[in-house]
Structures are given as C-alpha cells and as structure tokens.
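Take a look at the structure below.
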Amino acid sequence: IRVGFPRASRGRRRGRGRSRVRLLSRARVRHGRQLELRGWLRNVDGQPIGDATIEVEADTPGDAAGLVPVGFARTDLAGRFSYIVRADRSKLLRFRYPGTSRIQSATRDFALRVPASTTIRARPRRLLNGETVRLSGRMSTRPVPLSGKLVEVQAFFRDRWRTFSTTRSDSRGRWRFDYRFGGTRGRVFYRLRARLPAEGGYPFETGRSRAIRVLVVGL
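Numbering (the working numbering), first residue to last: 1364 to 1582.
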C-alpha cells in the first residue's frame, strides 16, 4: 500500500522536461484547509487490488487515546483510492488494508502537520516615545489547554526576528501584552508579530501571526 499527498516534480530525460507525481508521506498545511490524499494498493506481484476497503485511523500528539478509527477508503478497479482530510490539528493518519486469507495485511502512515496561528493587533498604531502599545490577539487554532498557551512577542531588527518578551493566553486563546517604548529617536516603524512555539498538550506545530507595523515618534 502507498498513500500520500500528490506533488508533481519535473525531471529531464534526453533534453526534454518530464513530470511525474510523487506521494509525499508528510505535509505542512494551513489550519482549516482540506487535503486530498491519494494512494494505491497492489499485491506482491504489482497487480492492483480492486474493490478493497482501506481502514483509516488517526493519532493526535499528546492524546492518550492513541489511534482511533476515523474513516474508510475504497479502491477502484485499478487499486487506486483517495481520502479527504481536514487540517483541524496535527495528526498521524494510518491507512490499513486488513488483508484476506490469501493476502497479508499492510499499513502506511501519513503525517499531517498544522502550524498554530493567531490574530494580532496593536492599539494605538502611532505613539510618542515613552507611550505604551497594547498588543492583543486570539488563537484560531483551538482547543487551547486550560492553563493557556505560551505566546512569544517578537520584533524584527538586525535582519532577524527576535523574541523580546513572552505572555500567556487564557483558556479561550485570547492574549494581550503591553509594551512601553523608550529610547526611540526620530520616526521609526517597528515590525512586530506573535510566535506560537510547539508545546506539550497543544496539538499544533510552531506557528506565528502576520507582522504588523507600529510607528513611534521620538525626539
């Protein structure tokens, strides 16, 4: 059995471009998207196994339940099948052909990685040096642990994003952070964002918000 996310790649043979489709065993997908996985089932001689049932199970990282049944797929006469999965959280999908009295069972895994995401806003967006900006947002990737989720507040300077403070959301994914600007001279646009690192009990990969700009006017 083979299963994965289809991606076309181009190769060269005798000077001519030629594309082929690879089945990726993992994919990083934005939250809320739907992904169509494709696969095929064949016997040891390479012959397709048609009209066969493929059992699908899922395991969420940090979930004590382990693998749980989530659906089925069925092969066509050519042994091909497809399966739609929604990127609601990171998970491991296991595709299993149970086999028959003459054909052994087979399994294949697919890893779905969903990055965390959050909104971000700043009030006010224009400040004088010495004033305080309030950054706030809400995570769109939920559920959030009862203890909240760590949020890293970052600014872009010296050609890279740097974390200058951290805060923690509430159990609904809402967070806020107040920062007082000091030492700014002239007119400076600061680029800010929130980063959500991977964390135990939160079934999402490291993600981040969009970047916003805040204007600070100093002497």
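Where a beta carbon is used, it is the ideal one built from N, C-alpha and C, also for glycine.
The structure presented is a predicted model; accordingly, all values stated were derived computationally and were not measured.
- Judged by DSSP in its simplified three-state form, Leu1509 adopts coil rather than helix or strand.
- Between Leu1430 and Ala1421, the C-beta spacing is below 8 Å.
- According to the DSSP assignment, Glu1420 belongs to the beta strand (DSSP E) that extends over 1416–1422.
- Spanning the alpha carbons of Gly1581 and Arg1554 requires a straight line of approximately 17 Å.
- Within the segment 1460–1515, the runs of beta strand (DSSP E) that reach at least 3 residues and sit entirely inside it are, in chain order, 1469–1476, 1484–1486, 1489–1491, 1495–1501.
- Beta-bridge annotation (DSSP): Leu1582 is not paired with any residue.
- Beta-bridge partners assigned by DSSP to Pro1432: Glu1420.
- In this structure, Arg1452 and Thr1423 form a Cβ contact; the two beta carbons are roughly 6 Å apart against a cut-off of 8 Å.
- Counted as a single uninterrupted DSSP element, the beta strand (DSSP E) harbouring Phe1444 occupies residues 1443–1449.
- Comparing C-alpha distances from Arg1539 to each of Ala1479, Gln1410, Arg1484 shows the shortest one belongs to Arg1484.
- In this structure, the CA atom of Thr1470 is about 5 Å from the CA atom of Phe1458.
- When only Cα atoms are considered, Arg1389 and Phe1368 end up about 7 Å apart.
- Per the DSSP secondary-structure output, Pro1369 pairs in a beta bridge with Leu1386.
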